[in-house]
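Protein chains: 2
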Amino acid sequence: MLVLLFAMLGPVAGDGSRATGDLGVVIERAAGSILVVEHSHDTRLHEIEGLGDLSHASVVFSRDARYAFVFGRDGGLTKVDLLSARVVKRIVQSGNSIGGAISQDGKLVAVSNYEPGGVRVFDSQTLAPVADIRADYGGAQPSKVVGLVDAPGKRFVFSLYDADQIWIADFSAGDEPSITRFSDVGHLPYDALITPDGRHYVAGLFGEDHLALLDLWHPQRGVHPILDGYSRREARLPVYKMPHLEGWAVAGGKAFVPAVGQHKVLVVDTGSWKTLAEIEVHGQPVFVMARPDGRQLWVNYAYPDNDTVQVIDAESYAIVRTLKPGKAVLHMEFTPRGEKIWLSVRDDNRIQVYDTATLKLLRELPADKPSGIFFTSRAHRIGL
Amino acid sequence: MLVLLFAMLGPVAGDGSRATGDLGVVIERAAGSILVVEHSHDTRLHEIEGLGDLSHASVVFSRDARYAFVFGRDGGLTKVDLLSARVVKRIVQSGNSIGGAISQDGKLVAVSNYEPGGVRVFDSQTLAPVADIRADYGGAQPSKVVGLVDAPGKRFVFSLYDADQIWIADFSAGDEPSITRFSDVGHLPYDALITPDGRHYVAGLFGEDHLALLDLWHPQRGVHPILDGYSRREARLPVYKMPHLEGWAVAGGKAFVPAVGQHKVLVVDTGSWKTLAEIEVHGQPVFVMARPDGRQLWVNYAYPDNDTVQVIDAESYAIVRTLKPGKAVLHMEFTPRGEKIWLSVRDDNRIQVYDTATLKLLRELPADKPSGIFFTSRAHRIGL
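Protein chains in written order, with our numbering: chain A, 1434 to 1817; chain B, 1434 to 1817.
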């Protein structure tokens, strides 16, 4: 009977012995697996396999911080229970997708698709289909969709790559969304971000020199160009990697923006959307992450400088430290109140954890070609 | 055997069947009890009794969002496990206290005391004493301490009511804090706040017309007066309740500040700390809370207007709606991404939940003289 009891209590205890506020997910991109981790003691808890093609994967969390929704490149959408370390459900909802989002109330999960285009929306409980937003614009096929984010008011905002459009899908009245379309926003929107307050949507444009800005407090004012010269400004260097726009840091009324093809971080005023300063850095920046208190910026770089991370003082713009974590630093994630940062060092197969005050390495964890790191505190943030 | 199994599984299942990202605590001030609640479905989960004098109680959370630390007026510090709904430990650490904080890394819990004064610091795991910061200043007794907050860099900041001082206690090097003292900050500091980025500490002063500002990015620059005329500005009305400084909302580079003794909310520029505008409101404001996206302000009022809540557009400063939730609205708490707000209506013995987009009442929950409402997402915020 004791054996039986332990057998029965085992999984229950496994389900129940911990809370979820300090959990996270690390993508192991080559193996198609994820690590469930925790950042109170900086340990690995579980490894979960069978999530498909996780190159360029991203993750959002349920509002109770229990479930991770993992978006794979192959159109896979996998719901993982972080407490039991089990895949709850997995669907392949398209042939090729990039990026997803969860609605403000946590009830809807949306995925933006390259192939066949459009946005598909699912019930976050069951992954049952709720809405299929066809990105029809008069072309031969629906448009590829990129730059999908959630916004306050149970809205999703996204860009139509082939159609030069930005759409707002508003689910506040029910499962049949109200769609607002903005056309001629600029040629070939390829990615986008939303500011942490959920107000400003900024799309990058392959075919333009500027970016496109939509003020979601005043959508009737339309989409406007900002940062003219951003995309090609003095572009004397080959562009090794187009920086993700999610790589912007927004803190203290400023956006810190990776320049394209240059060894610079741009400082932009988020009131006027004008450039205030340019910070000379070690390579072509990919992600510029602001520590949660806004005092520090951590920057990683494109090949061949992707062994380096720099720490910048967000007030003086001075380089505080140049770190060499290892080969191919792909992503960075701060703990929620910013006392630590986790780095994924892909080609050295490890995660590093630093103290952000002393800049000392605290710990290393093994991981199989790690890329994205996502902590559950994102569940409580707009646009993440 | 089935009976035995159920008996054993019961509490384990109770421990384990849920996550902690959507939990919260409601103070039942008269009964000395708390409710454990959840805001995904807006329900009560548990009631826990025996927490002592909870008039003016406040709560902070462990970094995994599992444990609540409840600070009572009687010097009681109670650690509650939200999953098992049990008191893990309770100590009475002083004779009379007001307010507490948890360190950036979650390891230390600090309490500020009226009687015998000073700040006591405890291990968050065990509640074992770690440090006893005597607020000695040359008076007959240690000073009463108020306005205790956490700040980045494992610091606590607080004000000495009797000594006209502000102190920073820095625990980054270990359990023996390094103390920085600022004297002559202004007469009788009675409360304080820290901005959401953890940079600016603002103390209210009973004996002055202005407030005191400390920039924690540059403590060597000292404490400076701001908002001259704040405390007595046109004070023609009797002050029914001194607004808590924690009642300030900071969003989009502006602080929205309850005026003292007037029917006004002040709009202050957080760069220059000058007043930009004054918003005429229904009564003497107590709390001015910004919705997480910064678009709305919700304001409650002192007696005799404490049956009213107003919703203000944070951009145009227009009053969007005047609500009458019931008798004695004491506190308000937004869900983390702002789609809902919970209000405590003390004298009607209920909690109300509103949709912040439609401003419609979604639900009411019974509660015994509810006051403060605290959701676990505070675990991941600086200064809360």
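C-beta atoms are modelled at their ideal positions from N, C-alpha and C, and glycine is treated no differently. Being a predicted model, the structure only gives us computed values, none of them experimental.
Exclusion of the five residues before and after tyrosine 1547 of chain B leaves Asn1529, Ser1530, Ile1531 and Lys1577 as the residues of its chain whose Cβ lies within less than 7 Å of its Cβ. The alpha-carbon separation between threonine 1755 of chain A and glutamine 1743 of chain A amounts to approximately 5 Å. The DSSP-derived three-state label of glutamate 1679 of chain A is helix. For histidine 1813 of chain B, the three-state secondary structure derived from DSSP is helix. In this structure, the alpha-carbon of serine 1616 of chain A lies about 10 Å from that of tyrosine 1570 of chain A.
Contact between the region 1475 to 1484 of chain A and the region 1454 to 1463 of chain B is absent: fewer than three C-beta pairs spanning the two stretches fall below 8 Å. Burial state of isoleucine 1806 of chain A is buried, judged by a 10 Å Cβ sphere holding 16 or more other Cβ atoms. For histidine 1813 of chain A, the C-beta contacts it makes with chain B under 8 Å involve Gly1454, Pro1769, Arg1770, Ser1810 and His1813, in order along the chain.
Around aspartate 1630 of chain B, the beta-carbon contacts reaching into chain A at under 9 Å are Ala1684, Gly1685, Pro1725, Asp1726, Gly1727 and Arg1728.
Counting the other Cβ atoms within 10 Å of the Cβ of threonine 1789 of chain A gives 16 or more, which makes it buried. The C-beta distance from lysine 1773 of chain A to valine 1786 of chain A rounds to 6 Å, short enough to meet the 8 Å contact threshold.
In this structure, arginine 1770 of chain A keeps its C-beta atom at 7 Å or more from the C-beta atom of isoleucine 1599 of chain B. Taking each of B/Leu1776, B/Leu1763 and B/Arg1632 in turn and checking the Cα distance to arginine 1796 of chain B, the smallest one comes out for B/Leu1776. Distance check between aspartate 1746 of chain A and each of A/Val1700, A/Ser1473, A/Tyr1623 and A/Thr1768 places A/Val1700 closest, using alpha-carbon atoms only. Residue nearest to phenylalanine 1604 of chain B within the set B/Phe1502, B/Ala1564 and B/Ala1490 is B/Ala1564 (criterion: CA-CA distance). Buried is the label assigned to arginine 1553 of chain A, since at least 16 other Cβ atoms lie within 10 Å of its Cβ. In this structure, B/Leu1468 is the residue among B/Val1635, B/Leu1468 and B/Ser1557 with its C-alpha nearest to the C-alpha of serine 1517 of chain B. Non-local beta-carbon contacts of asparagine 1782 of chain A in its own chain, meaning distances under 7 Å to residues more than five positions away in sequence, involve Pro1799, Ala1800, Asp1801 and Lys1802 in chain order. In the same chain as valine 1753 of chain A, and ignoring 5 residues on each side of it, the C-beta atoms closer than 6 Å to its own belong to Val1744 and Asp1746, in chain order. Here tyrosine 1500 of chain B has Phe1494, Lys1512, Val1513, Asp1514, Leu1515, Val1521 and Ser1557 as same chain residues with Cβ atoms under 8 Å from its own Cβ, once five neighbours each way along the sequence are excluded. DSSP, read as helix, strand or coil, puts proline 1652 of chain B in helix.
Boundaries of the beta strand (DSSP E) harbouring proline 1562 of chain B: 1562 to 1566, taken from the DSSP string. Residue environment for leucine 1709 of chain A: exposed (fewer than 16 other C-beta atoms within 10 angstroms of its C-beta). Tryptophan 1731 of chain A and isoleucine 1627 of chain A have their C-alpha atoms some 19 Å from each other. Put simply, the CB of glutamine 1537 of chain B is near chain A, with a gap under 7 Å to one of its CB atoms. Remark: C-beta atoms of proline 1691 of chain A and proline 1658 of chain A do not approach each other more closely than 7 Å. The DSSP-derived three-state label of arginine 1553 of chain B is strand.
Its chain contains no residue whose beta carbon lies nearer than 7 Å to that of glutamine 1653 of chain A once the 5 sequence neighbours on both sides are disregarded. Closest in alpha carbon position to glutamate 1641 of chain B, among B/Gly1551, B/Leu1763, B/Tyr1594 and B/Leu1560, is B/Tyr1594. Judged by beta-carbon spacing, valine 1618 of chain B lies beyond the 7 Å limit of glycine 1680 of chain B, meaning their Cβ atoms are not closer than that value. Cβ contact annotation for arginine 1614 of chain A (same chain, cutoff 7 Å, sequence separation greater than five): Gln1598 and Trp1600, in chain order. Per the DSSP secondary-structure output, lysine 1512 of chain A pairs in a beta bridge with A/Phe1502 and A/Lys1522.
Taking the Cα positions, glutamine 1526 of chain B is about 22 Å away from glutamine 1537 of chain B.
Interface annotation, alanine 1498 of chain B: in contact with chain A, CB-CB separation under 7 Å.
Neighbours of tryptophan 1650 of chain B in chain A, taken as residues at a C-beta separation under 7 Å, are given in chain order as Arg1728 and Glu1748. Counting only residues of its own chain and dropping the five nearest sequence neighbours on each side, proline 1725 of chain B has a CB closer than 7 Å to the CB of Phe1767, Pro1769, Arg1770 and Gly1771.
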